[in-house]
Amino acid sequence: MTVTVAYFAMEEKRRAELNRFWATWSKVIFLAVMLVNSLAGIYLFVNGPTQIVRADVSRLLLHVFNLTCLPVIVFMSSMLKVMDKRDARRKEADLAVAQLQGRLAALEAKSSIRPAELQLKERQP
């Protein structure tokens, strides 16, 4: 109960950082366990003392599939970070555009300056 209260008492930014930290490290631990498990399974398949049966081959294919999925999972995780950065930059750009549009509207209201598009249309024959 006190951990929950302490968690929700944190400010939003700190809470988001804590969530990202735990998500990252739980993913790292999961991927490490999956890697070790798959490598150990392949090693036991190759160096095992028993005769190979169909179930062993299907387990081998599962381990190979796990090893091929590891780079995909890592790539997708890194793409999430890239998309977060892109979204942050997009929000900053949208805010800057909104501020510039507000300043332009204020200037147009204050003076007789017309938008550049109208001035260009008048110049064209």
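When we follow numbering that gives the first Met the number 0, the leftmost residue of the sequence shown carries the number 0, and every step to the right adds one. In this text, a Cβ means the ideal position worked out from N, Cα and C, and glycines have one as well.
| Item | Value |
| --- | --- |
| Between the alpha carbons of L106 and R89, how many angstroms are there, rounded? | 25 angstroms |
| If we count the other Cβ atoms within 10 Å of its Cβ and call it buried at 16 or more, is S137 buried or exposed? | In this structure the chain extends from 0 to 124, so residue 137 is not present and cannot be described. |
| Looking at L60 and F44, is the spacing between their C-beta atoms short of 7 angstroms? | no |
| Go ahead and pull the three-state DSSP assignment for N72. | At residue 72 the sequence reads Ile, which differs from the Asn that was named. Correct three-state label for I72: helix. |
| Applying the 10 Å Cβ sphere with the 16-neighbour rule, what's the burial state of G101? | exposed |
| If we require 4 or more residues per run, which alpha helix (DSSP H) segments fall completely within the stretch 75-102? | none |
| Report yes if the C-beta distance between G40 and H62 is below 7 angstroms; otherwise report no. | yes |
| Going by DSSP in three states, V63 sits in which element: helix, strand or coil? | helix |
| Residue range of the alpha helix (DSSP H) that T23 falls in? | 11-46 |
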